[in-house]
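**Q**
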Amino acid sequence: MKQETAPKPKREQRRTPVKIIPLGGLNEIGKNMTVIECSNDMFIIDCGLAFPDSEMPGVDIVIPDFTYVEKNKEKLRGIVLTHGHEDHIGGLAYLLKKVNVPVYGTKLTLGLVEGKLREHGLEGKVSLNVTSPRKTVKMGCMAVEFIRVNHSIPDAVGMAIHTPAGVIVHTGDFKIDFSPINSGIIDLTRFGELGSRGVLALMADSTNAERPGYTQSERKVGESFEKLFSKAEGKRVIIATFSSNIHRIQQIINCAERYGRKVAVFGRSMVNVITTAIELGYLSVPKGILIDIDAMNRYDDSEIVLITTGSQGEPMSALTRMAMNDHKKVNITPMDFIIISATPIPGNEKFVTKVVNELMKSGAEVVYEAMYEVHVSGHACQEELKLIQALTKPKFFIPVHGEYKHLKKHAELAISLGMPKENVIIAEIGNVIETDGTKMNIVSQVPSGRVLVDGLGVGDVGSIVLRDRKHLAQDGLIIVVVGIEKASNTVVSGPDIISRGFVYVRESEELIDNAKNLMCNTLDSCTVQDFREWNAIKTRMRDALSDYIYEKTKRSPMILPIIMEV
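So the mapping is simple: my numbering equals the position in the sequence shown, first residue as 1, plus 200.
#1: Can you say whether Gly384 is buried or exposed, counting buried as having 16 or more other CB atoms within 10 angstroms of its CB?
#2: Could you pull out every unbroken alpha helix (DSSP H) segment of at least 4 residues lying fully inside the stretch 297-345, listed in chain order?
#3: When burial is assigned at 16 or more other CB atoms within 10 Å of the CB, is Phe466 buried or exposed?
#4: Can you give the Cα-Cα distance for Asn240 and Val313, rounded to whole angstroms?
#5: Give me the Cα-Cα distance between Asn735 and Met758, rounded to the nearest whole angstrom.
#6: Determine the extent of the beta strand (DSSP E) in which Met403 is found, giving its start and end residues.
#7: Looking at the unbroken alpha helix (DSSP H) that takes in His606, where does it start and where does it end?
#8: Where DSSP assigns a beta bridge to Pro599, which residues make up the other side?
#9: Which first and last residues belong to the alpha helix (DSSP H) in which Glu421 is found?
#10: To which residues does DSSP link Cys455 through a beta bridge?
#11: Grab me the residues of Gly422's own chain with a C-beta within less than 6 Å of its C-beta, minus the 5 sequence neighbours each way, in chain order.
#12: With contact counted as at least three CB pairs below 8 Å, one residue from each stretch, are the stretch 240-255 and the stretch 280-288 in contact?
#13: Straight-line CA distance for Asp615 to Phe597?
#14: If you compare alpha carbons, which of Ile229, Glu457, Ile261, Thr331 is closest to Ile279?
#15: The ligand SAH and Val555: does any heavy atom of the ligand fall closer than 7 Å to the residue's C-beta?
#16: By DSSP's criteria, Ser699 is part of a beta bridge. Which residues make up the other side?
#17: Does the Cβ-Cβ distance between Phe374 and Ala401 come in under 8 Å?
#18: How big is the Cα-Cα spacing for Ser502 and Phe537?
#19: Tell me where the alpha helix (DSSP H) around Lys586 begins and ends.
#20: Classify Leu617: buried if its beta carbon has 16 or more other beta carbons within 10 angstroms, exposed otherwise.
#21: Taking only the alpha-carbon atoms, compute the straight-line gap between Ile368 and Ala343 and give it to the nearest angstrom.
#22: CA-CA distance, Glu179 and Ala564?
#23: Excluding five sequence neighbours on each side, which residues of the same chain lie with their C-beta closer than 8 Å to the C-beta of Lys420?
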């Protein structure tokens, strides 16, 4: 009798390796940017910015480090965009100044990009290519397919990246909303089709990975607005929200029309986004509803809705200036009903609280955060993340978009659904993740980090400048000025002591006089050799004064000795 042999296990075929290189958006919120590379072709997904924290005084924005992209620009085939939020498109103009390649995105996303390029003097110099869900764009040996998702801005897409090693699915920022405002439902069918054919890796949004359940539909906010508009009868309504949340602005306009109110818009970013959205047909505004800011005085408070920026308590935003009584056009009174339609981004809580307190001191009624459902997130919660995992059935999983705690929680969710622990990669920016269709590992590191933008300066504020700024902010500055005659090596003027941000000189005369005497003694003790090398004199002056100031005040101001040749 012939013995049956067990079938041999099918050998997995190794394919052309593909590299996934995140340059932003991991272990941080914002500046999302990922490079996908295969053979001699590469492309970029998103190029966003982050906003500075309290450790970056004077910095305007933070963008990714483009060093790796610049070094390999001959391989770069294009940039694809998931949606039009600042943390995904805000760094694009800075990159396009260094590498001019085609940009692909949906109509609204590119409409917002166009505005940014205009500000940077790049209008008409960049190839902007409008695409739409279910369309595919070729990127050398790879292809990017756009897939509709729901988010807090219209025209958001995820992506299926077809590579020689297999299909990589990138969700972009997403949530699952079965009753979205003015846009289609997330294309779960396509995610499922890709899953049934085999997905090599899933890269999914982790922002809300800690939150159980489902994210509420944007329509919930519309229902809350209805209740609040009726409650605000006779008062002027002021609503602060994110300028990019076009769905919410649409619902505010709808409510204003139903309650016979006119709408005025404040804040540069809000005006820019609304103008673009109306031009491209993403906002439906009945004729005569929108009025100019200067026309508000012609109407009673009960006939007005103001839509403004400043939901995060940003110091220069319209709402903050209103709260501080510093706005040219709007004074807050007890006849104002104010809705802050946003949740504070981590780190902004104290700014928002300060604004709320000041608005209340002016007598206004303020609705914020959890008092009513005036805000819903644009990101998927745990049950939606599980659904995407179940539909795509990926072999490997890379959580993206979030701080480490978000990535870790998302990884745990994937493992709880049966994903082998060794197939989950929690990466850091700069990691090179390589896969040949069989294995996926972190194989090397490329230059990465943050580049600080301050005014027109890009990257000229580094760690030393930041350290000095923090030092100045915390302890102030003492300048010691001395005039020395080079020929005779004698002090002919000074030392004079100037203090800024340390002590008020007129109230600390004794301290300053003693410091002058100390500087005189220090200079007297300098040798002829010291006078040949002025840096040695400066060091001795700095050390002596620093020790004295610390002994007397327990403070360490920055000390700047200046020697003038007379």
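Just so you know, even glycine gets a beta-carbon here, dropped at the ideal spot from N, CA and C.
**A** Concretely, from the data shown:
#1: Within 10 angstroms of the beta-carbon of Gly384 lie fewer than 16 other beta-carbons, which makes it exposed.
#2: Counting whole runs of 4 or more residues, the stretch 297-345 contains the alpha helix (DSSP H) stretches 307-319.
#3: Its Cβ being crowded by 16 or more others within 10 Å, Phe466 is buried.
#4: Distance between the alpha carbons of Asn240 and Val313: 28 Å.
#5: Taking the straight line joining both Cα atoms gives about 17 Å.
#6: Start and end: 399-405.
#7: In the DSSP assignment, His606 falls within the unbroken alpha helix (DSSP H) covering 604-616.
#8: Its beta-bridge partners are Ala404.
#9: Rather than Glu, the amino acid found at residue 421 in this sequence is Val. For Val421, the enclosing alpha helix (DSSP H) has its first and last residue at 419-431.
#10: The partner list for Cys455 (beta bridge, DSSP) is empty, contrary to what the question assumes.
#11: Here the set comprises Gln451.
#12: Yes: the two stretches touch, three or more of their Cβ pairs being nearer than 8 Å.
#13: Note that residue 615 is Ile in the sequence shown here, rather than Asp. When rounded, the distance between both Cα atoms is 10 Å.
#14: Considering only alpha carbons, the answer is Thr331.
#15: Looking for the ligand SAH in the displayed structure turns up nothing, as the structure carries no ligands at all.
#16: Beta-bridge pairing links Ser699 to Ile678.
#17: No, they are not a contact pair.
#18: Ser502 and Phe537 have their C-alpha atoms some 10 Å from each other.
#19: Under the DSSP assignment, Lys586 falls in the alpha helix (DSSP H) whose first and last residues are 582-592.
#20: Counting other Cβ atoms within 10 Å of its Cβ, Leu617 stays below 16 and is therefore classed as exposed.
#21: Whole-angstrom Cα-Cα distance: 11 Å.
#22: What is shown of the chain runs 201 to 766, which leaves residue 179 out entirely.
#23: These residues qualify, in order along the chain: Glu573, Val576.
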